[in-house]
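In UniProt numbering, the protein residues as written are 1 to 342. Cβ coordinates follow ideal geometry from the N, Cα and C atoms, glycine included.
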């Protein structure tokens with residue numbers, strides 16, 4: 001049976017005689033068909049066990065498993081199909097090129113963001129390295145016109161810089177204005193104009209703030225009985241410590257700035273040979289001890305003893321000296337404004 005099927009499928013069977021064909025047809029029909037409906041006929045559409053249908057013997061179809069040849073395609077239709085395929089390929093290539101170009105062009109921005117993140121890791125508290133001179137002029141103009149409204153805190157918030165930097169900028173512009181008044185002509189600002197015209201060479205100022213540098217070591221504490229096991233958020237603790245340190249740094253900066261202003265104005269004698277004895281004698285600062293013999297804020301008080309034997313309280317300059325001489329009993333804090341330029 002298998003040999004017969006193979007022979008029939010490949011079309012190598014010679015034409016049998018009429019009697020042999022009738023015998024083969026009846027034999028195959030008895031094996032592969034089932035009796036049909038009321039007329040007792042055979043249903044060739046339901047017989048597929050041998051893989052041979054009625055069309056094989058009629059010669060109207062090709063062998064089973066071989067697709068019949070389709071209708072011929074015109075040259076115009078084939079050309080249109082080819083053009084559509086080429087257009088689709090070109091669109092796909094163009095789309096891939098745009099995606100690749102956008103990915104490559106975004107590397108500069110990614111590198112810049114990565115450098116900014118690495119800078120924040122190495123030096124917490126991102127600080128700008130450059131502030132345009134036009135922005136400094138605007139800051140000084142606003143503060144000069146209405147100092148009650150445009151305070152140092154508001155200018156620092158509006159321009160998103162640190163308060164220490166605002167103090168330095170205001171003093172710098174004040175000295176420049178005084179120098180212009182002395183010379184009678186504006187100062188040479190060609191360097192500032194050049195720097196303002198090339199901002200891409202500098203990092204823009206943004207988000208200046210102080211972040212405390214905490215020691216990375218375990219902090220073990222004995223918790224009270226009935227502790228529920230909850231702890232404070234480390235970021236919240238870091239923020240509070242940073243705000244306290246920033247307040248201390250700002251206060252010390254203002255004190256140093258006021259002292260430097262007095263030095264520039266000549267109100268502070270910093271050279272040892274310039275200290276000459278007054279005609280009426282020296283005035284000495286005396287510190288009276290407290291009830292328990294203590295000094296400083298927890299003990300007595302300070303006053304000035306004059307050459308004629310009288311005394312008087314400290315003035316502002318002398319109080320400034322006392323504050324500068326008072327030791328600061330705390331760990332060293334790295335001030336961010338030491339590295340940032342005004």
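Limits of the unbroken beta strand (DSSP E) element including residue i
i	result
residue 286	284–288
residue 302	301–305
Option nearest residue i by Cα separation, candidates the options
i	options	result
residue 284	276, 268, 266 and 303	303
residue 326	106, 87, 260 and 255	255
residue 213	194, 193, 197 and 243	243
residue 253	134, 167, 144 and 234	167
residue 280	268, 309 and 328	309
residue 135	322, 76 and 161	161
residue 261	174, 231, 240 and 138	174
residue 159	145, 148 and 138	138
Three-state secondary structure (DSSP) of residue i
i	result
residue 324	helix
residue 311	strand
residue 198	coil
residue 341	Any reading at residue 341 is ruled out, since the residue's pLDDT is 43, under 50, leaving its predicted position unreliable.
residue 329	coil
residue 231	coil
residue 213	coil
residue 239	helix
residue 47	Residue confidence for residue 47 is low, a pLDDT of 46 falling below 50, so the modelled location carries little weight; the figure read from the coordinates is stated next. Coil at residue 47, not helix or strand.
residue 187	coil
residue 109	helix
residue 269	coil
residue 225	coil
residue 280	coil
residue 256	helix
residue 36	Any answer about residue 36 is weak, because its pLDDT of 49 lies below 50 and its placement is not dependable; what the coordinates show is given next. The answer is coil: DSSP assigns residue 36 none of H, G, I, E or B.
residue 318	helix
residue 343	Only positions 1 to 342 of the chain appear in the structure, and residue 343 is not among them; the question remains open.
residue 208	coil
residue 148	coil
Beta-carbon gap between residue i and residue j smaller than 8 Å
i	j	result
residue 333	residue 245	yes
residue 196	residue 132	yes
residue 317	residue 251	no
residue 313	residue 282	no
residue 210	residue 238	no
residue 269	residue 275	yes
residue 180	residue 186	yes
residue 322	residue 305	no
Residue range of the unbroken alpha helix (DSSP H) whose run includes residue i
i	result
residue 169	163–183
residue 100	75–105
residue 217	Run containing residue 217: none; DSSP gives neither H nor E here.
residue 144	133–145
residue 153	152–159
Distance between beta carbons of residue j and residue i, contact taken as under 8 Å
i	j	result
residue 350	residue 155	Nothing can be reported for residue 350, as the shown portion of the chain is limited to 1 through 342.
residue 288	residue 301	6 Å
residue 216	residue 169	Actually they are not in contact, since the Cβ atoms of residue 216 and residue 169 sit about 35 Å apart, beyond 8 Å.
residue 153	residue 163	6 Å
Residue i Cβ short of 7 Å to the ligand COA heavy atom set
i	result
residue 136	This structure simply doesn't include the ligand COA, nor any ligand for that matter.
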